[in-house]
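Asker:
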Amino acid sequence: MNESKVKRDPEGTRRRILEAATQQFSTLGLAGARVDAIATAAGTNERMLYYYFESKEGLYVAVLEAMYVEFANHEVSQDLSGLQPADAIRALALSIWDYLRSNPQWLNLINNENLHGGQYLERSPKLREAISPVISLLSATLARGAAAGDFRADVDALDFYVTLVAMGYYVVSNRFTLKAFIGRDYSEPSAIEAVSAMHVEMLLSFLRPASAAASLYPASAGAAAREDGARMN
Numbered sequence: 063m064n065e066s067k068v069k070r071d072p073e074g075t076r077r078r079i080l081e082a083a084t085q086q087f088s089t090l091g092l093a094g095a096r097v098d099a100i101a102t103a104a105g106t107n108e109r110m111l112y113y114y115f116e117s118k119e120g121l122y123v124a125v126l127e128a129m130y131v132e133f134a135n136h137e138v139s140q141d142l143s144g145l146q147p148a149d150a151i152r153a154l155a156l157s158i159w160d161y162l163r164s165n166p167q168w169l170n171l172i173n174n175e176n177l178h179g180g181q182y183l184e185r186s187p188k189l190r191e192a193i194s195p196v197i198s199l200l201s202a203t204l205a206r207g208a209a210a211g212d213f214r215a216d217v218d219a220l221d222f223y224v225t226l227v228a229m230g231y232y233v234v235s236n237r238f239t240l241k242a243f244i245g246r247d248y249s250e251p252s253a254i255e256a257v258s259a260m261h262v263e264m265l266l267s268f269l270r271p272a273s274a275a276a277s278l279y280p281a282s283a284g285a286a287a288r289e290d291g292a293r294m295n
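Each residue of the sequence shown is one higher than the last, beginning at 63 in our numbering.
#1: Kindly indicate the opening and closing residues of the alpha helix (DSSP H) around TYR112.
#2: Hey, ILE197 and TYR161 are a contact pair by Cβ (cut 8 Å); roughly how many whole angstroms apart?
#3: Checking 8 Å against the spacing of the C-beta atoms, do ARG214 and PRO147 come in under that value?
#4: What does the alpha-carbon distance come out to for the pair GLU119 and THR225?
#5: Using a threshold of 8 Å, state whether the C-beta atoms of GLY178 and LEU269 are closer than that.
#6: On the criterion of 16 or more Cβ atoms from any shown chain inside 10 Å, does THR84 qualify as buried, or is it exposed?
#7: Rank PHE238, ARG163, TYR232, ILE193 by C-alpha distance to the C-alpha of ALA219 and give the top, closest one.
#8: Measuring CA to CA, which of VAL131, ARG76, ARG237, LEU90 is closest to ARG109?
#9: Buried or exposed: which applies to ASN174, given that a residue is buried once 16 or more other Cβ atoms fall within 10 Å of its Cβ?
#10: From which residue to which residue does the alpha helix (DSSP H) around TYR231 run?
#11: Suppose the cutoff is 6 Å on Cβ atoms and the five residues either side in sequence are ignored; what does the same chain contact list for VAL131 look like?
#12: Counting C-beta neighbours from all protein chains within 10 Å, is the total for GLN86 16 or more, i.e. buried, or is it exposed?
#13: From this set, GLU263, ALA104, TYR182, THR203, which residue's C-alpha is nearest ARG78's C-alpha?
#14: By how many angstroms is the C-alpha of TRP168 removed from the C-alpha of LYS241?
#15: Which residues in the same chain as VAL123 place their Cβ atom closer than 8 Å to its Cβ, once the five residues preceding and following it in sequence are excluded?
#16: Indicate whether LEU145 and ALA153 have their beta-carbon atoms separated by less than 8 Å.
#17: Flag VAL257 as yes when its Cβ comes closer than 7 Å to any non-hydrogen atom of the ligand PLP, and as no otherwise.
#18: Would you report the Cα separation of THR239 and ARG246, rounded to the nearest angstrom?
#19: Which of the three DSSP states is assigned to ARG96 in this structure?
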């Protein structure tokens, strides 16, 4: 690519470098990715790569930042305010899980960064800023549910968010080993539908106030009470 054209389109050049680097890092990891290959795929030269990102590690951090920010933006772009609290939680959960299935590069990058102990993500000042609007959105939904008497009032939004994401993350990131180990393919539509429905019900069951849960499962509640009484006697 002509260098003068590169200079006239700095944002385009930076974007192409990030796109090429995302492909390299998600496939080969930080150690295996090559700066010259990234520059070639981006239609630029190594000098421009170092100009924008200073180092290979700096580029890797920029890729991680971009992927996390995109993920967070996807979540906060949803309008949950018009939904009943339980429906809002269901919509948020299904949207996040669908995103994980649709973005295997993101999962590969997360897994690779965990191999590095998260040391490169710790260098980024932007990630905490990205997560804050997501937690605010979830907090508002949980508060609406608690005000309506649908949800318990003692739920930690951050812990709940981590749990929600983890439910969808595990069956996607481990889909190949799960298929080999237990023989079930969690990329099949029927398996996705079944496990997603179960996960949503688990989340909503946790959120229900104790009185609501007891009314939904009176037999189980009675059995538990009898067991507690037997232990006391």
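We treat Cβ as the ideally placed atom computed from N, Cα and C, and that holds for glycine. Values in this document were obtained by computation on a predicted structure and should not be read as measured data.
Answerer: Reading from the atomic positions:
#1: Numbered from its first residue, the sequence shown carries residue 112 at position 50. Its alpha helix (DSSP H) spans residues 108–115.
#2: By one-based count along the sequence shown, residue 197 stands at place 135. By one-based count along the sequence shown, residue 161 stands at place 99. Actually they do not touch by this definition, with Cβ atoms about 17 Å apart.
#3: Along the sequence shown, one-based indexing puts residue 214 at 152. Along the sequence shown, one-based indexing puts residue 147 at 85. In this structure, ARG214 keeps its C-beta atom at 8 Å or more from the C-beta atom of PRO147.
#4: Translated into positions along the sequence shown, residue 119 becomes position 57. Translated into positions along the sequence shown, residue 225 becomes position 163. When rounded, the distance between both Cα atoms is 30 Å.
#5: The residue you call residue 178 lines up with position 116 of the sequence shown. The residue you call residue 269 lines up with position 207 of the sequence shown. Reading the sequence as shown, one finds His at residue 178 and not Gly. No, they are not a contact pair.
#6: Position 22 of the sequence shown, counting from 1, holds the residue named residue 84. Under this definition THR84 is a buried residue.
#7: Taking the sequence shown and counting its residues from 1, one reaches residue 219 at position 157. Closest by alpha carbon: ILE193.
#8: Here residue 109 refers to the residue found at position 47 when the sequence shown is read from its first residue. Ranking VAL131, ARG76, ARG237, LEU90 by Cα distance to ARG109 puts ARG76 first.
#9: In the sequence shown, counting from the first residue as 1, residue 174 sits at position 112. By the neighbour-count rule (16 or more Cβ atoms within 10 Å), ASN174 is buried.
#10: Looking up residue 231 in the sequence shown gives position 169. Segment 219–235, the alpha helix (DSSP H) holding TYR231.
#11: Within the sequence shown, the letter at position 69 stands for residue 131. Excluding positions up to five away in sequence, the list reads ALA192.
#12: Sequence index remark: in the sequence shown, residue 86 carries index 24 (1-based). Result: buried.
#13: For the purposes of this step, residue 78 is taken as the residue at position 16 of the sequence shown. Among GLU263, ALA104, TYR182, THR203, the Cα nearest to that of ARG78 belongs to ALA104.
#14: Taking the sequence shown and counting its residues from 1, one reaches residue 241 at position 179. Taking the sequence shown and counting its residues from 1, one reaches residue 168 at position 106. So the alpha carbons of these two residues sit roughly 21 Å apart.
#15: As a position in the sequence shown, residue 123 is number 61, starting the count at 1. So the list reads TYR182, LEU183, ARG185, SER186, once near-sequence residues are dropped.
#16: Sequence index remark: in the sequence shown, residue 145 carries index 83 (1-based). Sequence index remark: in the sequence shown, residue 153 carries index 91 (1-based). It is a contact, given that the beta carbons lie within the stated cut-off.
#17: Here there are no bound small molecules, and the ligand PLP is not part of this structure.
#18: Translated into the one-based positions of the sequence shown, residue 239 becomes position 177. Translated into the one-based positions of the sequence shown, residue 246 becomes position 184. Each residue's Cα considered, the two are about 10 Å apart.
#19: As a first step, residue 96 is located in the sequence shown; it is residue number 34 there, counting from the start. Of the three classes helix, strand and coil, the one that applies to ARG96 here is coil, per DSSP.
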